[in-house]
Amino acid sequence: MEVYKKIVVPYDGSTHSQLALEHAAFLAKLSGGTISVLYVASLTSAATRISGFFGNYDAGAVADRVREKGEEILHKAKATIPAEIATEELFEVGSPGAVITDVAERVGANLIVMGSRGLGTFAGVALGSVSTYVLEHTKIPVIVVK
1 MEVYKKIVVP YDGSTHSQLA LEHAAFLAKL SGGTISVLYV ASLTSAATRI SGFFGNYDAG
61 AVADRVREKG EEILHKAKAT IPAEIATEEL FEVGSPGAVI TDVAERVGAN LIVMGSRGLG
121 TFAGVALGSV STYVLEHTKI PVIVVK
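FYI, UniProt numbering numbers position 107 of the sequence shown as 107, with every residue one higher than the one before it.
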């Protein structure tokens with residue numbers, strides 16, 4: 001069995017994603033591994049919701065706000081991880097399940113630890129159906145935390 005040296009944690013600030021991050025930190029500490037905390041934003045969903053409330057919208061302003069919110073969530077997540085664990089923050093835009101599996105492959109992860117549910121597409125990653133997608137499409141082990 002392979003030691004988990006590179007762990008990806010999709011994170012949206014929800015209770016389930018925080019629990020997943022805590023599990024990942026525990027595993028990383030045991031294995032001497034690193035954590036990539038990943039926030040996935042779906043700009044199409046955010047723009048649709050905002051335009052429903054405000055009519056016309058500035059897509060650039062929406063993208064900037066989504067990025068700011070994502071980076072804020074990532075910084076808060078990183079602050080909860082013990083300092084001795086090497087951690088990187090990743091902000092990506094796209095379909096959450098596909099982005100998670102792509103990022104895990106790109107960074108050479110050998111484990112994904114994710115929450116079973118999230119906050120929804122505007123606030124971050126909707127992990128209910130996303131966790132199912134990731135389980136079906138990734139080639140590496142996945143731990144789903146609830």
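Beta carbons are placed, not taken as given, at the ideal position from N, Cα and C, and that holds for glycine. Since the model is a prediction, treat every value here as computed from it, not as a measurement.
Three-state class that DSSP yields for residue i in the structure shown
i, result
"residue 31", "helix"
"residue 95", "coil"
"residue 11", "coil"
"residue 100", "helix"
"residue 133", "helix"
"residue 143", "strand"
"residue 88", "strand"
CA nearest to the CA of residue i, picked from the options
i, options, result
"residue 104", "36, 11, 117", "36"
"residue 7", "97, 79, 64, 85", "85"
"residue 82", "11, 145, 146, 21", "21"
"residue 145", "10, 16, 100, 2", "16"
"residue 14", "115, 129, 75, 28", "115"
"residue 32", "11, 3, 23", "3"
"residue 89", "79, 96, 97", "79"
Boundaries of the alpha helix (DSSP H) in which residue i is found, first to last residue
i, result
"residue 115", "No alpha helix (DSSP H) holds residue 115; the beta strand (DSSP E) holding it covers 111-115."
Buried or exposed (CB count within 10 angstroms, at least 16 for buried), residue i
i, result
"residue 117", "buried"
"residue 9", "buried"
"residue 12", "buried"
6 Å Cβ shell around residue i - same chain, five flanking residues per side excluded
i, result
"residue 27", "4"
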